[in-house]
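S.K.: For reference, the structure I am asking about is given below.
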Amino acid sequence: MADIIKLLPDHVANQIAAGEVVQRPASVVKELLENAIDAGAMSIKLIIKDGGKTLIQVVDDGKGMSETDARLSFERHATSKISSAQDLFNLHTKGFRGEALASIAAIAHVDMQTRLEGNEVGTHIKIEGSKIVSQEVVAMPKGTSISVKNLFFNIPARRNFLKSNQVELRHITDEFHRVALVHPNIAFHFYNNGSEIFSLPKTKHRQRIAHIFGSRMEDRLVPVTEETEVVKISGFICKPEFSKKSRGEQFFFANDRYIKSPYLHHAVVAAFEGLIKTDMHPGYFLYLEVDPSSIDINIHPTKTEVKFDDENTLYAILRSTIKHSLGQFNVAPVLDFDHDPNLDTPYAYKEKDAILPKVTVDASFNPFKETGTVSRVSRSFQKPSTKGWEGLYEGLQSDAEGDTFSSVVIESEGEEQGTLYSEDELAEHMATTFQLRRKFVVSTVKSGMLVIHQNRAHERILFEKFLGEITVKEGVSQQLLFPLELTFNKQDLGILNEIQESLTNIGFAFESLEHEMVKVTGVPLAVPESGIGTVLDRLISDYKEGFSDGSLSQAEVLAKVLSKNLAVKTGDVLDQESQLALVNNLFACKEPTLSPFQKLTYTIISEGDIDKKFS
Ligand code: ADP
Ligand code: MG
Numbered sequence: 012m013a014d015i016i017k018l019l020p021d022h023v024a025n026q027i028a029a030g031e032v033v034q035r036p037a038s039v040v041k042e043l044l045e046n047a048i049d050a051g052a053m054s055i056k057l058i059i060k061d062g063g064k065t066l067i068q069v070v071d072d073g074k075g076m077s078e079t080d081a082r083l084s085f086e087r088h089a090t091s092k093i094s095s096a097q098d099l100f101n102l103h104t105k106g107f108r109g110e111a112l113a114s115i116a117a118i119a120h121v122d123m124q125t126r127l128e129g130n131e132v133g134t135h136i137k138i139e140g141s142k143i144v145s146q147e148v149v150a151m152p153k154g155t156s157i158s159v160k161n162l163f164f165n166i167p168a169r170r171n172f173l174k175s176n177q178v179e180l181r182h183i184t185d186e187f188h189r190v191a192l193v194h195p196n197i198a199f200h201f202y203n204n205g206s207e208i209f210s211l212p213k214t215k216h217r218q219r220i221a222h223i224f225g226s227r228m229e230d231r232l233v234p235v236t237e238e239t240e241v242v243k244i245s246g247f248i249c250k251p252e253f254s255k256k257s258r259g260e261q262f263f264f265a266n267d268r269y270i271k272s273p274y275l276h277h278a279v280v281a282a283f284e285g286l287i288k289t290d291m292h293p294g295y296f297l298y299l300e301v302d303p304s305s306i307d308i309n310i311h312p313t314k315t316e317v318k319f320d321d322e323n324t325l326y327a328i329l330r331s332t333i334k335h336s337l338g339q340f341n342v343a344p345v346l347d348f349d350h351d352p353n354l355d356t357p358y359a360y361k362e363k364d365a366i367l368p369k370v371t372v373d374a375s376f377n378p379f380k381e382t383g384t385v386s387r388v389s390r391s392f393q394k395p396s397t398k399g400w401e402g403l404y405e406g407l408q409s410d411a412e413g414d415t416f417s418s419v420v421i422e423s424e425g426e427e428q429g430t431l432y433s434e435d436e437l438a439e440h441m442a443t444t445f446q447l448r449r450k451f452v453v454s455t456v457k458s459g460m461l462v463i464h465q466n467r468a469h470e471r472i473l474f475e476k477f478l479g480e481i482t483v484k485e486g487v488s489q490q491l492l493f494p495l496e497l498t499f500n501k502q503d504l505g506i507l508n509e510i511q512e513s514l515t516n517i518g519f520a521f522e523s524l525e526h527e528m529v530k531v532t533g534v535p536l537a538v539p540e541s542g543i544g545t546v547l548d549r550l551i552s553d554y555k556e557g558f559s560d561g562s563l564s565q566a567e568v569l570a571k572v573l574s575k576n577l578a579v580k581t582g583d584v585l586d587q588e589s590q591l592a593l594v595n596n597l598f599a600c601k602e603p604t605l606s607p608f609q610k611l612t613y614t615i616i617s618e619g620d621i622d623k624k625f626s
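Structure follows, in structure tokens:
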């Protein structure tokens, strides 16, 4: 029988390889950007048309290629970056496989112009489906420009598989972020369909993050640094209060390469434990540097999955480093309702030795003397301040808060009543309200004791107020003395435009909504001036999510989002006046029993319930 095994022609082999390397336009963007960086570029331009389907172009001012190299670069396994297997364990470049250009040229129309610094002229090569169609001499600045047109022109199945331009652009933008975030020392410009969407000057890491994700990001970042024998960690985490419902900004880089690592991600989440709710995602930008020989980036062709030699140690170091940063920068728990911050050791004291308390003995103390402890206690009870009442419950540990509450009341009523209060004083005190564990507002009603969940109740009040204002257009606006200028990215700006009318109805005033700049000239009374940026940010991100289920009207979504963000929180101290207002306003609502998120706003513990406790 005749031999049947044949070597595949190069262009077929290349097409097959291309399937691995190039999944979508974003993969091309990644490869071209990385090549430009490997070539030592200081300034890189990325030009995209139609989500990369029509054009992907990268222009760099790097070292360029000679005429021979220019041709060779399109051969498979042609690389200038490694020459032996040993080099694989000591990689300092992004590329090393020599596959990218060959793969791209197999499935697209590629046009490359490149000039070495010392040469007078450059080389212009056109290549289509792995075939060189022309080669000319060209006058051009030093560096390289590669355009990739009509991606997958010869693989219709792949081309049809591409998503909408918008989705492909999003993938491209993700890749762009990943590359730009590790190279703040390189300037980047990104044009989409003729308009510039990113212009990133050469800078430092922190500013690069802010240039990409918005200037308000800068205040949210907490630096992280640690240097051990195993790893050097630098970068930033976002303060816990800016955690997001969606994954948002989570970036790991190892030796200047974007990586994905569910395991290390877990270490970060573990460090945030107790500081954010479990359904929220912390933001981070973490740069790890490890010995190149201790990391295997080779296990996946698109190279985002990596394997570290000693992952467990890395996990532990990462987790404790982040905890340390969170502590050092005094990032206090904001959402842990059951946690009593009074019991925390301030971070600055944690590493100090404990000092023995001094005990001084009052030699003249006589427990049988007239001015004893009893009268002192009763005095402090005669003028109950909110703080005093709260003080009663401090230190009481109970999981069922209802129990804690009633048992305390029972104690104070059972033991002290009569001796501490006259009948009148008692009635007067009970007619008002007090705050319990900065979470509930308690008052009396005919049938017993009213316990209001301050956060949910306020959400209900604000929800109805905003809903009314959006529909009736009567929101009271507070003019800002100094209008606030905020920048938003294109997508967020779109949303802001979409909801602008409703926002105006409730009291926001905007002057210009263009060029990613928004001038806020007025805000609703309920919005504190210092929190405008944050409120708008959350508004936009919650609105994006709120609308996804599609069952609510725009007014409802906005009212919900605003009420959630502006309502008093658990942990907020309310003065007497605010407590009373909360009670009165809640019962003036159309639906006082439930928060806009369908949670109970208040409960009444009846006299019968209390009686039962005594039986
Ligand atoms: P790799 O990056 O893995 O080496 P590529 O196929 O991406 O493989 O590139 C092949 C070779 O072409 C590179 O090793 C490099 O020498 C050269 N090259 C590619 N892009 C550029 C560029 N923008 N500037 C200079 N040289 C480049
Ligand atoms: Mg490469």
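Here the sequence shown stands for residues 12 to 626, numbered as in my numbering. C-beta: ideal position from N, C-alpha, C; glycine also.
(1) Spatial neighbours of serine 488 within its chain, please: CB distance less than 6 Å, with the 5 preceding and 5 following residues excluded, ordered by chain position.
(2) Could you tell me which of Leu504, Val584, Ser523, Leu495 sits nearest to glutamate 540, measuring between CA atoms?
(3) In angstroms, rounded to a whole number, what distance separates the CA positions of aspartate 622 and threonine 581?
(4) From this set, Phe209, Asp320, Ile166, Ala566, which residue's C-alpha is nearest histidine 526's C-alpha?
(5) Indicate the three-state DSSP secondary structure (helix, strand or coil) for lysine 571 in the structure shown.
(6) Return the chain-ordered list of same chain residues with a C-beta closer than 7 Å to the C-beta of alanine 566, the five sequence neighbours on each side being excluded.
(7) Under three-state DSSP, which class holds valine 420?
(8) How big is the Cα-Cα spacing for arginine 448 and leucine 504?
(9) Which term fits lysine 288, buried or exposed, when burial requires 16 or more other beta carbons within 10 angstroms of its beta carbon?
(10) Buried or exposed: lysine 142, going by 16 or more other Cβ atoms within 10 Å of its Cβ?
(11) Can you tell which of Glu485, Ser552, Lys624 has its C-alpha closest to the C-alpha of glutamine 630?
(12) When you compare the segment 322 to 336 with the segment 275 to 282, are there three or more beta-carbon pairs, one atom per stretch, that lie closer than 8 Å?
(13) Taking a contact to mean a Cβ-Cβ separation below 8 Å, would you say methionine 76 touches leucine 127 in this structure?
(14) Note down the Cα distance separating isoleucine 1 from valine 546, rounded to an integer number of angstroms.
(15) Between alanine 537 and leucine 461, what straight-line distance do the alpha-carbon atoms span, to the nearest angstrom?
(16) How should glycine 406 be labelled, buried or exposed, when 16 other C-beta atoms within 10 angstroms of its C-beta is the threshold for buried?
(17) Is it buried or exposed for lysine 610, if we count other Cβ within 10 angstroms and need 16 for buried?
(18) Tell me whether glycine 106 counts as near the ligand MG, meaning its Cβ is closer than 7 Å to at least one heavy atom of that ligand.
(19) Looking at the unbroken beta strand (DSSP E) that takes in asparagine 203, where does it start and where does it end?
(20) Assuming aspartate 122 is part of the beta strand (DSSP E), what are its boundary residues?
(21) Just the Cα atoms here: how many angstroms apart are arginine 169 and glutamate 42?
(22) Go to valine 190, then tell me how far its alpha helix (DSSP H) extends in each direction, as first and last residue.
(23) How should arginine 258 be labelled, buried or exposed, when 16 other C-beta atoms within 10 angstroms of its C-beta is the threshold for buried?
(24) For isoleucine 58, collect the residues of the same chain with a Cβ closer than 6 Å to its Cβ; drop the 5 residues on either side in sequence, then sort them by chain order.
(25) Please state whether DSSP places histidine 277 in a helix, a strand or coil.
(26) Under 8 Å between C-beta atoms, does aspartate 49 make it to chain B?
(27) For asparagine 171 and isoleucine 506, what's the separation of their Cα atoms in angstroms?
(28) Does isoleucine 27 pass the burial test, meaning 16 or more other C-beta atoms within 10 Å, or should it be called exposed?
(29) What are the boundary residues of the beta strand (DSSP E) that threonine 455 is part of?
(30) Can you check DSSP and say which residues form a bridge with alanine 265?
(31) Checking 8 Å against the spacing of the C-beta atoms, do isoleucine 607 and phenylalanine 474 come in under that value?
(32) Bridge partners of serine 95, per DSSP?
(33) Leaving aside the five residues before and after leucine 573 along the sequence, list all residues of the same chain whose C-beta is less than 6 Å from its C-beta, in chain order.
(34) Spatial neighbours of serine 114 within its chain, please: CB distance less than 7 Å, with the 5 preceding and 5 following residues excluded, ordered by chain position.
(35) Rank Met291, Asn500, Gly106, Ile93 by C-alpha distance to the C-alpha of glutamate 207 and give the top, closest one.
(36) Smallest Cα separation from serine 304: which of Val241, Phe262, Val148, Tyr269?
M.R.: Short version:
(1) Within the sequence shown, numbered from 1, the residue matching residue 488 stands at position 477. Around serine 488: Gly518, Ala520, Gly533.
(2) Here the question's residue 540 lines up with position 529 in the sequence shown. Measuring from the Cα of glutamate 540, the nearest candidate turns out to be Leu495.
(3) Locating residue 622 in the sequence shown gives position 611, counting from the first residue. Locating residue 581 in the sequence shown gives position 570, counting from the first residue. So the alpha carbons of these two residues sit roughly 29 Å apart.
(4) By one-based count along the sequence shown, residue 526 stands at place 515. Nearest of Phe209, Asp320, Ile166, Ala566 to histidine 526, Cα basis: Phe209.
(5) For the purposes of this step, residue 571 is taken as the residue at position 560 of the sequence shown. Three-state result, lysine 571: helix.
(6) Position 555 of the sequence shown, counting from 1, holds the residue named residue 566. If we look at alanine 566 and ignore the five residues flanking it on each side, its Cβ neighbours are Leu478, Ile481, Thr482, Ser513.
(7) Along the sequence shown, read from residue 1 onward, the residue named residue 420 stands at position 409. Confidence is the limiting factor: at valine 420 the pLDDT is only 35, short of 50, which leaves the residue's position unreliable and the question unanswerable from this model.
(8) As a working mapping, residue 448 is identified with position 437 in the sequence shown. As a working mapping, residue 504 is identified with position 493 in the sequence shown. Using only the alpha carbons, I get a separation of about 40 Å.
(9) Mapped onto the sequence shown, residue 288 falls at position 277. Lysine 288 is exposed by the Cβ-count criterion.
(10) As a working mapping, residue 142 is identified with position 131 in the sequence shown. By the neighbour-count rule (16 or more Cβ atoms within 10 Å), lysine 142 is not buried but exposed.
(11) Absent from the model: residue 630. The displayed extent of the chain is 12 to 626, so no value can be given.
(12) yes
(13) One-based indexing of the sequence shown puts residue 76 at position 65. One-based indexing of the sequence shown puts residue 127 at position 116. Yes; because the gap between Cβ atoms is below 8 Å, this pair is in contact.
(14) Past the edges of the chain, shown from 12 to 626, lies residue 1, and the structure says nothing about it.
(15) Here residue 537 refers to the residue found at position 526 of the sequence shown. Here residue 461 refers to the residue found at position 450 of the sequence shown. So the two alpha carbons sit approximately 26 Å from each other.
(16) Reading the sequence shown from its first residue, position 395 is the one you call residue 406. The predicted model places glycine 406 with a pLDDT of 36, which falls under 50 and marks its position as unreliable, so this point remains unresolved.
(17) For the purposes of this step, residue 610 is taken as the residue at position 599 of the sequence shown. Under this definition lysine 610 is an exposed residue.
(18) Position 95 of the sequence shown, counted from the first residue, corresponds to residue 106. Yes, the Cβ of glycine 106 comes within 7 Å of a heavy atom of the ligand MG.
(19) Numbered from its first residue, the sequence shown carries residue 203 at position 192. Taken as a continuous stretch (DSSP letters only), the beta strand (DSSP E) holding asparagine 203 covers 198 to 203.
(20) Residue numbering aside, residue 122 sits at position 111 when the sequence shown is read from its first letter. Looking at the DSSP string, the run of the beta strand (DSSP E) that includes aspartate 122 is 120 to 126.
(21) Within the sequence shown, the letter at position 158 stands for residue 169. Within the sequence shown, the letter at position 31 stands for residue 42. One C-alpha to the other measures close to 19 Å.
(22) Against the sequence shown, residue 190 aligns to sequence position 179. Start and end: 176 to 193.
(23) Residue 258 sits at position 247 when you count from the first residue of the sequence shown. It counts as exposed.
(24) Taking the sequence shown and counting its residues from 1, one reaches residue 58 at position 47. Answer for isoleucine 58: Gln68, Tyr202, listed in chain order.
(25) Looking up residue 277 in the sequence shown gives position 266. The answer is helix: DSSP assigns histidine 277 an H, G or I state.
(26) The question asks about chain B, but that chain is absent: this structure has only one protein chain.
(27) On the sequence shown, position 160 is the one that residue 171 refers to. On the sequence shown, position 495 is the one that residue 506 refers to. Roughly 30 Å between the two C-alpha positions.
(28) As a first step, residue 27 is located in the sequence shown; it is residue number 16 there, counting from the start. Classification for isoleucine 27: exposed.
(29) Along the sequence shown, one-based indexing puts residue 455 at 444. Threonine 455 -> beta strand (DSSP E) spans 451 to 456.
(30) As a first step, residue 265 is located in the sequence shown; it is residue number 254 there, counting from the start. Arg268, Leu299.
(31) Locating residue 607 in the sequence shown gives position 596, counting from the first residue. Locating residue 474 in the sequence shown gives position 463, counting from the first residue. The displayed chain sequence assigns proline, not isoleucine, to residue 607. Closer than 8 Å, so yes.
(32) For the purposes of this step, residue 95 is taken as the residue at position 84 of the sequence shown. Paired residues: none, contrary to the question.
(33) Here residue 573 corresponds to residue number 562 of the sequence shown, with the count starting at 1. The answer, listed in chain order, is Phe477.
(34) Taking the sequence shown and counting its residues from 1, the one referred to as residue 114 is at position 103. Contacts found: Asn25, Ala28, Ala29, Val32, Val33.
(35) Reading the sequence shown from its first residue, position 196 is the one you call residue 207. Residue Asn500 is the option with its Cα nearest to glutamate 207.
(36) Here residue 304 is taken as the residue at index 293 of the sequence shown, counted from 1. Ranking the options by Cα distance to serine 304, first place goes to Val241.
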